[in-house]
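Trainee: Structure below; questions to follow.
And the structure:
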């Protein structure tokens, strides 16, 4: 059989043309002049270039054809009626006139939308009255059906009209467009999402189409194709959303959606702006469109070959293997961190957890490291809720960074389990001994140094050999207290200044290996550590800290993410702190010290503290 498929580059057309090839038929596909045809060429389909709205490009194409499958259409829920008329009515007439001479069998693809989506369609057979609704897509399908019947009857051409329900399958508009909408923002259900999806899987539709094409009984007939899947729109949308950690939010009644859609269409369509809601969408999602398929089953012997669970499994595979990777490529932020392995010390709270949250949203695999197992588990649960994809790795390791033996052993096991990190973020630190120096014992001072300095040393030393192969990125959280002294920070400031020296020395060593190092100097940040230090920090220290401002962990996390992306070395979050540092350097610290001394004297006087 010599078959000609218009719209062969579309979702249904491609599946149909490829199945015809598999069955040994000679297939020609019609493609627009600039349309990508590589998939069809690879399948063995002969390529023909033309435009159904330009009849001169169709002359002679159907002279040696046995059957024409006309699928070229405009698939959209909005747009000017004139565009739909030009493509779906005039385009169909152009195809029919080009077929007039050879009179091949003509299979026209319409839609159950021709019945009118302003009402429930459940139980309606092919002979049911169609309703004009004012929706361009639906009404032009009615006109095109009437045109096919009249033209073919007049010119003795055998025809069959196919009315598919909502066609699903890997890459269909009912998969990709819904995923895109969920990714953009909140998607409400219509009628609570309780309405049947009225789906037909693409392979099952192709089966029915070929049965109709090969059957004499199907000549001059119309057939509905819908699988008997028990699956609502709410269940389907949330099934898709689960792959990208999104779900439908809220619901609107059908009537509200219908009238809102009509309002938006009237206002926005003339301005060529896509309406946020349309009547077609309200009708598809808010009305039961389970049309009757008895005719196809009895006359053609059609049945559902691909069951629901298999159909969903194939869609799921496509989302994981095609849709998500393609969207990663489109988004430079996601692309940069997608599937990267990130180890974060101090990851159970504060800046470490906030940075982990940002990275998880970008698709990174994150391992949180901290001492408190309960806090780690709570942090992990909070990150599970913001995963970009369900199979992202989020794991935890309970470990004391100040214990070199424990660090060495557990980091070796972590690399074996998760792989060498692409990014190491050293965020673990304490400041619970913010006090006058004379009140800080040697053990207190040593504890701060052990965790804040030796902890960074221990983790970095344990992971550096494995990270060399990947040219991994090392991030070190220092503090604004390393840039200028702070009252009550003799222990903490010493530890953070040591990290500044450590980071700069490490940077020189790793630069020849093209391994970036970033050191971050945040001011006061609203974290649990900030609450700990407040218990002992003298009022003079609180006053000095206020000069640099208070930042939120999420803000600092975003600054860190941008710094990693740009491979910046020296990073100071917050305008106030950057200005203070610039002024400090510009005046060699003289003015800063004078201002700080005056502030301390004022606080002492205010609180009547004796020297």
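Residue numbers (our numbering): 4 to 614. Ideal placement from N, C-alpha and C gives every residue a C-beta, glycine not left out.
With DSSP as the reference, label residue 162 as helix, strand or coil.
Mentor: strand
Trainee: Runs of 4 residues minimum, wholly inside the region 353-385: which ones carry the alpha helix (DSSP H) assignment?
Mentor: 353-364
Trainee: Can you give me the Cβ contacts of residue 454 inside the same chain, cut-off strictly under 7 Å, excluding the 5 residues immediately before and after it?
Mentor: 404, 405, 431, 432, 433
Trainee: Indicate the three-state DSSP secondary structure (helix, strand or coil) for residue 149 in the structure shown.
Mentor: In the structure shown, the three-state DSSP call for residue 149 is helix.
Trainee: Classify residue 429 as helix, strand or coil using the three-state DSSP reduction.
Mentor: strand
Trainee: Can you check which of these residues, 76, 6, 328, is closest to residue 25 by C-alpha distance?
Mentor: 6
Trainee: Please confirm whether residue 368 and residue 400 have their CB atoms less than 8 Å apart.
Mentor: no
Trainee: Use the C-beta contact count for residue 395: other C-beta atoms within 10 angstroms, 16 or more gives buried, fewer gives exposed.
Mentor: buried
Trainee: Could you tell me the alpha carbon to alpha carbon distance between residue 446 and residue 501, rounded to whole angstroms?
Mentor: Straight-line Cα distance between these residues: approximately 18 Å.
Trainee: With H, G and I counted as helix, E and B as strand and the rest as coil, what does DSSP make of residue 217?
Mentor: helix
Trainee: I need the DSSP call for residue 72, collapsed to helix, strand or coil.
Mentor: strand
Trainee: Taking buried to mean at least 16 other C-beta atoms within 10 Å of its own C-beta, is residue 8 buried or exposed?
Mentor: buried
Trainee: My assumption, with CB atoms under 8 Å, is that residue 206 sits in contact with residue 309. Please give the rounded CB distance.
Mentor: 5 Å
Trainee: Suppose the cutoff is 7 Å on Cβ atoms and the five residues either side in sequence are ignored; what does the same chain contact list for residue 131 look like?
Mentor: 118.
Trainee: Looking at the structure shown, is residue 509 part of a helix, part of a strand, or coil, going by DSSP?
Mentor: helix
Trainee: Compare the beta carbon distance of residue 303 and residue 215 with 8 Å and say whether it is the shorter of the two.
Mentor: yes
Trainee: Between residue 402 and residue 349, what straight-line distance do the alpha-carbon atoms span, to the nearest angstrom?
Mentor: 10 Å
Trainee: Can you give the Cα-Cα distance for residue 54 and residue 77, rounded to whole angstroms?
Mentor: 13 Å
Trainee: Is DSSP giving residue 566 helix, strand or coil here?
Mentor: helix
Trainee: Return the CA-CA distance between residue 234 and residue 242, expressed in angstroms with no decimal places.
Mentor: Taking the straight line joining both Cα atoms gives about 10 Å.
Trainee: Rounded to a whole number of angstroms, what is the C-alpha to C-alpha distance between residue 186 and residue 180?
Mentor: 10 Å
Trainee: Evaluate contact between the region 514-531 and the region 458-466, counting only Cβ atoms and requiring at least three cross-stretch pairs below 8 Å.
Mentor: no
Trainee: Taking its Cβ as the centre, do 16 or more other Cβ atoms sit within 10 Å of residue 531, making it buried, or is it exposed?
Mentor: exposed
Trainee: Compare the C-alpha of residue 504 against each of 481, 525, 489 and name the closest.
Mentor: 481
Trainee: Could you name the residues of the same chain whose beta carbon sits closer than 8 Å to that of residue 96, not counting the 5 residues immediately before and after it, in chain order?
Mentor: 150, 154
Trainee: In three-state DSSP terms, what is residue 105?
Mentor: coil
Trainee: How big is the Cα-Cα spacing for residue 571 and residue 521?
Mentor: 6 Å
Trainee: Can we say the region 320-330 touches the region 369-379, given the rule of at least three CB pairs closer than 8 Å?
Mentor: When C-beta atoms of the region 320-330 are compared with those of the region 369-379, fewer than three pairs fall below 8 Å, so the two segments do not count as touching.
Trainee: Return the first residue and the last residue of the beta strand (DSSP E) that residue 131 is part of.
Mentor: That residue, residue 131, is in no beta strand (DSSP E); it is neither H nor E in DSSP.
Trainee: Consult DSSP for residue 311 and reduce its assignment to one of helix, strand or coil.
Mentor: helix
Trainee: Grab the span of the alpha helix (DSSP H) containing residue 579 for me, first residue to last.
Mentor: 578-589
Trainee: I need the DSSP call for residue 598, collapsed to helix, strand or coil.
Mentor: helix
Trainee: Strictly by DSSP, which residues pair up with residue 169?
Mentor: 202
Trainee: With a 10 Å radius around its C-beta and 16 neighbouring C-beta atoms as the bar for buried, classify residue 449 as buried or exposed.
Mentor: exposed
Trainee: In chain order, what residues of the same chain have a beta carbon less than 8 Å from the beta carbon of residue 272, not counting five sequence neighbours either side?
Mentor: 81, 82, 83, 278
Trainee: Just mark residue 489 as buried or exposed, buried being the case when its beta carbon has 16 or more other beta carbons within 10 Å.
Mentor: buried
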